[in-house]
Amino acid sequence: MDRRRFLQGLSVTAAFLPLNPIFAASPSFEDYKKQQNDGFANYKAELEKDFAAYQKAIDEEFKQFKGQVKKVWGDENIGSSTVYVKYSDDLKTRTIIDYEKGTMTVEVVADKNATGMGSKVRQEMIETAGTRVSDAYKSDPLLQRVEKRVDSSVTHQEKARVSNEFVVGDVLTGKANPTKQEVQESVVKAATETGKGSKRDAAQAGAAVFAFSIPLSRVRISNKYEQFMPAVKKYSAKEKIDPALVLAIMHSESAFNPMAKSHIPAYGLMQIVPRSAGKDASEKVYGKQRLLSASYLYNSDNCIKMGCAYLNILYYRYLSKIENPESRTYCVIAAYNTGAGNVAKAFGAGTNITRAAGTINRMSPQQVFNKLVSDLPYAETQNYMKKVTPRYKAYQTEV
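Every number in this note's numbering is 123 more than the matching position in the sequence shown, counting from 1.
Rendered as structure tokens:
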């Protein structure tokens, strides 16, 4: 029986019942429904204000911080999804960990005639290598400024305790859970055997940049995925997503940089954008859209959980009309980077993915892949397809 007939039957039955004053005084179903709808509309309106306030804080703080960095360094290097940059409080010392290139570099701005710089940069390298994500988050001036502003203006924020894995210690040692002493010993060994120092002019007159670098090639960066496998297996199984796909996307989004961030903003291993993927994923997981904070997404378990939830939404909801599983997976990869609407554009369907599915269903998987690589609206996503797809096939042999 459908709801309308059920309610009609209920009203007919009620006509033959004695009038109960309590029942008569209670709000009608329509009043109740209106109250619920109004409450939800108010929640959505407040949430949109929160997202707007959050984006404003991000834009302003990123711009201001970049300006401060440029005054000291002559560049605006605040890191990216695959590069972690740690600054000292005075901004005159920075450590750059490039997870894709596999390098760790410490740079110090000082007077050209300064002494003891070699010792200083080596010590900073040792300290950074032994840093855990929770400490890196607390000491990041940009993230702390953003979070402080957001805490005072955002009401629908989802926070969590930041993860405690090493920022780069496991890569240096080749161990999933090294001790701090093992990490520091690995840095000293790498610095002695393969470290390279350099000196160049700084942006400020009379100053120089003293730098020291070591390679992170003692273990493949891609081996870093092993420490995240329990969460990947748990949430990929829950969301019915191939764990190899989760790993390939994580590898491509962040190169397993646990402090990954971008100005969009996007945070964490799977580069969740709070205002887009975060909205959909939080609604699926919590039943309501929530603003996912940076601290929430720097908890690797949470970030993987949300990434898997968003992949489920793409695969089983937005792109569900694509019949061939391989073709649909290619479209999911593209949509994770650019959204389902832009996937539809590649097939000449505007942003209508249902209409695009009709075209896709008449093509072979290889034709779908080729079409995405050649006709997606943005070169970034075309290149993203070329990165994720081979990694996906490679991880299928490992999980």
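Glycine included, every Cβ here is placed at the ideal spot set by N, Cα and C. Because the structure is a prediction, the values reported are computed rather than measured.
- The Cβ atoms of Val231 and Val332 lie closer than 9 Å to each other.
- DSSP places Gln280 within a strand segment (E or B) once states are collapsed to three.
- The three-state reading of DSSP puts Ser242 in helix, counting H, G and I together.
- Inter-residue distance for Ser359 and Arg217 is about 36 Å (C-alpha atoms, whole angstroms).
- Here the segment 317-331 does not lie against the segment 281-299, with fewer than 3 beta-carbon pairs under 8 Å apart.
- One Cα belongs to Asp198, the other to Gly410, and the distance between them is close to 43 Å.
- A distance below 6 Å between beta-carbons, with the five flanking residues on each side excluded, links Lys468 to the following residues of its chain, in chain order: Pro500.
- Under the three-pair Cβ rule at 8 Å, the segment 398-413 does not count as touching the segment 442-458.
- Relative to Ser375, the option among Asn506, Cys426, Ala330, Tyr453 whose CA is nearest is Asn506.
- As computed with DSSP, Thr216 is found in a beta bridge with Val231.
- For the options Ser423, Tyr433, Lys509, the alpha carbon positioned closest to that of Ser399 is the one of Tyr433.
- Beta-bridge pairing by DSSP links Arg413 to no other residue.
- Burial of Gln412 is indicated by the presence of at least 16 other C-beta atoms within 10 angstroms of its C-beta.
- Excluding residues up to 5 positions away in sequence, Ala457, Ala458, Thr474, Leu499, Pro500, Tyr501, Thr504 lie with their Cβ nearer than 8 Å to the Cβ of Asn465 in the same chain.
- Three or more Cβ pairs closer than 8 Å define a contact, and the segment 419-428 falls short of that threshold against the segment 471-488.
- Here Val496 is not near Ala371, since their CB atoms are 9 Å or more apart.
- In this model, Met227 and Asn165 are separated by some 48 Å (Cα to Cα).
- Secondary structure at Arg255: strand, using DSSP grouped into helix, strand and coil.
- In the three-state scheme derived from DSSP, where H, G and I count as helix and E and B as strand, Val285 is classed as coil.
- At the C-beta level, Asp293 and Lys347 come within 9 Å of one another.
- For Ala480, the uninterrupted alpha helix (DSSP H) run begins and ends at 476-483, by DSSP.
- For Tyr358, the enclosing alpha helix (DSSP H) starts and ends at 352-362.
- The alpha-carbon separation between Gln280 and Leu170 amounts to approximately 9 Å.
- In the three-state reduction of the DSSP assignment, Phe333 falls in the strand class, which pools E and B.
- Of all alpha-carbon atoms in Asn484, Gly253, Val195, the one lying nearest the alpha-carbon of Ser450 is that of Asn484.
- Burial check for Pro301: the Cβ neighbour count within 10 Å reaches 16 or more, so the residue is buried.
- In the DSSP annotation of this structure, the continuous segment of the beta strand (DSSP E) that includes Tyr210 starts and ends at 206-210.
- For Asp324, the closest alpha carbon among the candidates Glu184, Trp196, Tyr518 is that of Trp196.
- Beyond the five residues adjoining it in sequence on each side, Ala313 comes within less than 6 Å, by CB distance, of Ile337 in the same chain, given in chain order.
- The closest CA to that of Thr278, considering only Tyr421, Lys384, Lys167, is found on Lys167.
- Secondary structure of Gly320 (DSSP, three-state): strand.
- Rounded to the nearest whole angstrom, the CA to CA distance from Gln489 to Val455 is 15 Å.
- Three or more beta-carbon pairs separated by less than 8 Å link the segment 205-221 to the segment 252-269, which places the two stretches in contact.
- Ser399 carries a coil assignment under DSSP once its states are collapsed to helix, strand and coil.
- Distance from the CA of Lys516 to the CA of Tyr438, rounded to the nearest whole angstrom, comes to 18 Å.
- For Asp221, the beta-bridge partners assigned by DSSP are Val206, Thr226.
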